[in-house]
Structures are given as structure tokens and as C-alpha cells.
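J.:
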Amino acid sequence: MSFEDKQLVVVGGGSGIARRIASDARAAGAEVTWAGRDPAALKEPGVRAAFADLGEEASLKALAEEVGEVDFVVSLAAAPANGALATLDRAAVTRAFDAKVVGPLLLAKHFAARFREGGAMVLFSGVAAWRPVPERTVMATTNGAVAFLAEALAVELAPIRVNAISPGIVDSGAWDRLGEAKAEFFRRTAEANPARRVGRPADVSAATLQLLANPFVTGSLLHVDGGGRLGGNRG
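Residues 0 to 234 (numbering that gives the first Met the number 0) are what the sequence shown spells out, left to right.
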């Protein structure tokens, strides 16, 4: 899969998935810009860092102007607003929708006229939309909305292609917060998944690059979850 001379913008994602996408795309020949709220933390050899906040439209407009023409845009930020319904904070809920839904919509707005022929976007959903559990209502809803946003943008931006990926439980670094409980959580998840393992950043990166490269796939959602949405552990 060659991305020679392609311009890729990766927005958000502080864990290993964004880093792996940036690294793999660069290895395939792409020029990569990785944008986030803390550019100094986005250290990947050969990858340009830039500022972007999916909750601030002005920063997305500035990012588009800074990058110029582009071939591919990937948005994978998240700002989970987890917790019992009675404790949910409106500001946190708004941030969650900004990261997953409103921000990517505005990214499309400001990059739409800058895509070269064959351009594409990939948005990030997540398995929580298909496996809702208590205290994850906002996560399930925002992830579900991403799937519909990809379909709608695929129609509105055509022939620019827009697809979505729904990762499952991935050992990306995000779960390190569990400490010693991480190993047991991963063990139970692997036993319940038809794939019998948790995901790796490489799994999600490969799927992302395939969606970007395939010229006849648009308005689609690709589950990269080891079958985790189908049943078993609800973690």
C-alpha cells in the first residue's frame, strides 16, 4: 500500500493508535501532520506536529489553512464523559460530542475544499455504541453518532470518501490506568472475543490505511474489535 507523496492529517489521539497510524503512513511514503491540543507531546520521528482543538472551530480553520492541500484526514480524538446518569455534567457531555461528532463535522467543513482528487476521511467510532453498559451512555451515543455522520458526509462531500472505524478493546496505552487490574481485564476480554485476544494499535492502523486507500469504499463502518460487539464480556 503506497502513500507516496500523499498528505495525511491525523487529529487527536494521545495513545498508541494515533502514533501507529502516523508511523505506518509515513513508512508508506506519506507526509504526515499530527495535530492535537498539546503539539509538544506529539513526538513521532518525521511527523510534523500542529495545534488543533476539536472544541474550538477557529483552531480547525487555522489547521486547514496551515496544511493547505490534503489527501487524507483521520479524526480519532475522544473525551469520554463516563458516569452514572444522575452525575453527568453538561460541560463534560458537550466536550464528548465536540471530540467525536461536532469537531469532525467542522474538520470536514474546513478541509472540504482542500482535498485533492481521491481524497478521504476516516472518523473513529467505538465498540461502546454496539455494546452499551451502565455509566457509558454518552460514550455509546457519541460513538453511534459517528457512524451516521460518516454516511451523511460521504453523501455531502462526494466524491471525497468518508468512512468510520469502530475499534474494540485495544492495548494502546489508554488502559494502563487500570494498573495491575489491566492484565485481568485483558484476559477476560480476550476470552470473550471471537478473535480470542485484545487488539493492537497495528490492527487499527492497518484498517485505517486500507479505508483511506480503497477508492471504492465510502459511507461504511468497519468494526475492528475482534468480534467484541457480538457478545461475551461487557467489561
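All residues carry an ideal CB built from backbone N, CA and C; glycine is no exception.
1) Taking just the CA atoms, how far does T141 sit from T86?
2) Let me check understanding here. Comparing Cα to Cα, which of V216, V69, V8 and A21 lies closest to A51?
3) Given this structure, state the Cα-to-Cα distance separating R228 from P131, to the nearest angstrom.
4) I'd like to confirm the pairing. Which residues does DSSP put opposite W33 in its beta bridges?
5) Which of the three DSSP states is assigned to I168 in this structure?
6) Grouping DSSP H, G and I as helix and E and B as strand, with all else coil, what is E116?
7) So is L177 buried or exposed if we call it buried at 16+ other beta carbons inside 10 Å?
8) Tell me whether the beta-carbon of G198 lies closer than 9 Å to the beta-carbon of D224.
9) Give me, in chain order, the residues of the same chain whose beta-carbon lies closer than 6 Å to that of A128; leave out the 5 immediate sequence neighbours on both sides.
10) Answer yes or no: do D4 and E43 have a C-beta to C-beta separation smaller than 9 Å?
11) Using DSSP's beta-bridge definition, name the partner residues of G198.
T.: For this structure:
1) For the purposes of this step, residue 86 is taken as residue 87 along the sequence shown, with counting starting at 1. For the purposes of this step, residue 141 is taken as residue 142 along the sequence shown, with counting starting at 1. Computed Cα separation, rounded: 18 Å.
2) In the sequence shown, the residue the question calls residue 51 occupies position 52. It is V8 whose Cα lies nearest to the Cα of A51.
3) Within the sequence shown, numbered from 1, the residue matching residue 228 stands at position 229. Within the sequence shown, numbered from 1, the residue matching residue 131 stands at position 132. Using only the alpha carbons, I get a separation of about 10 Å.
4) Within the sequence shown, residue 33 is the residue found at index 34, counting from 1. W33 is bridged to V9 and A48.
5) Indexing the sequence shown from 1 puts residue 168 at position 169. The answer is coil: DSSP assigns I168 none of H, G, I, E or B.
6) By one-based count along the sequence shown, residue 116 stands at place 117. Here E116 sits in strand by DSSP.
7) For the purposes of this step, residue 177 is taken as the residue at position 178 of the sequence shown. Exposed, because fewer than 16 other Cβ atoms sit within 10 Å of the Cβ of L177.
8) Taking the first residue of the sequence shown as position 1, residue 198 is located at position 199. Taking the first residue of the sequence shown as position 1, residue 224 is located at position 225. The answer is yes: Cβ separation under 9 Å.
9) Start at 1 with the first residue of the sequence shown, and residue 128 comes out as number 129. For A128, where only same-chain residues beyond five positions count, the Cβ hits under 6 Å are A139, N142 and G143.
10) On the sequence shown, position 5 is the one that residue 4 refers to. On the sequence shown, position 44 is the one that residue 43 refers to. Their beta carbons are not under 9 Å apart, which means D4 does not touch E43 by this criterion.
11) One-based indexing of the sequence shown puts residue 198 at position 199. DSSP, once it has assigned bridges, lists V169 as partnering G198.
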